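Numbering (the working numbering), first residue to last: 18 to 182.
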């Protein structure tokens, strides 16, 4: 498992960055997307736990930028650049975006997982960052972690075990 002293937990609707052999972990990815960015040259990593696709639906007066794909990703990129990362070297990986429940005839509204995935991909494209790999969709939850030392994204789930991207 992980060396807990270098572990930084990323909560729901949260984001963070690490260098110096740090590890980022988020748990409870159902319809949420865990998006990671990594600069292999200087070994810094960032992670956002995106809950919703767009801040256009925000009802709160003080918006939590980490909660929405369209606001979290630019902030995450800025934080990594502040640590010395180059935007052109960033490698993106993501997991989550599951459709946890089946809703008959509810249309697009209840497709939160797939919409989160689509929004993250759109934002990456706007930011000029390629998506290297993903483990998204299906109907099960995931826990992910990324090491700033290796850039490996480890995905754990009860149904599928452990995989690395």
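Heads up, the beta-carbon is just placed ideally off N, CA and C, and yes, glycines get one too.
The structure presented is a predicted model; accordingly, all values stated were derived computationally and were not measured.
Collapsed DSSP secondary structure at residue 104 in the structure displayed: Note: residue 104 maps to helix in three-state DSSP.
DSSP on residue 67, reduced to helix/strand/coil? Residue 67: strand per DSSP, three-state reduction.
Pairwise C-alpha distance: residue 63 and residue 53: Distance between the alpha carbons of residue 53 and residue 63: 5 Å.
Just curious, the beta strand (DSSP E) that residue 179 is in, first and last residue? Run containing residue 179: 178–181, per the beta strand (DSSP E) assignment.
Which of the three DSSP states, helix, strand or coil, is assigned to residue 132? Three-state DSSP puts residue 132 in a helix.
Residues in its own chain within less than 8 Å of residue 25 by CB, not counting five upstream and five downstream? Take residue 25, set aside five residues on each side of it, and the residues of its chain with a beta-carbon closer than 8 Å to its own are 33, 35, 39, 40, 41, 42, in chain order.
Taking C-beta to C-beta, are residue 159 and residue 172 nearer than 9 Å? Taking a C-beta distance under 9 Å as the contact criterion, residue 159 and residue 172 qualify as a contact pair.
With DSSP collapsed to three states, give me the class of residue 175. Residue state for residue 175 is assigned as coil, using DSSP reduced to three classes.
For residue 166, which three-state DSSP category applies? In the structure shown, residue 166 sits in coil (DSSP, three-state: anything other than H, G, I, E or B).
Rounding to the nearest angstrom, what Cα-Cα distance links residue 147 and residue 77 in this structure? The straight-line gap from Cα to Cα measures roughly 31 Å.
Tell me which same chain residues have a C-beta within less than 6 Å of the C-beta of residue 165, skipping the five on either side of it? Contacts found: 35, 36, 39, 60, 61, 62.
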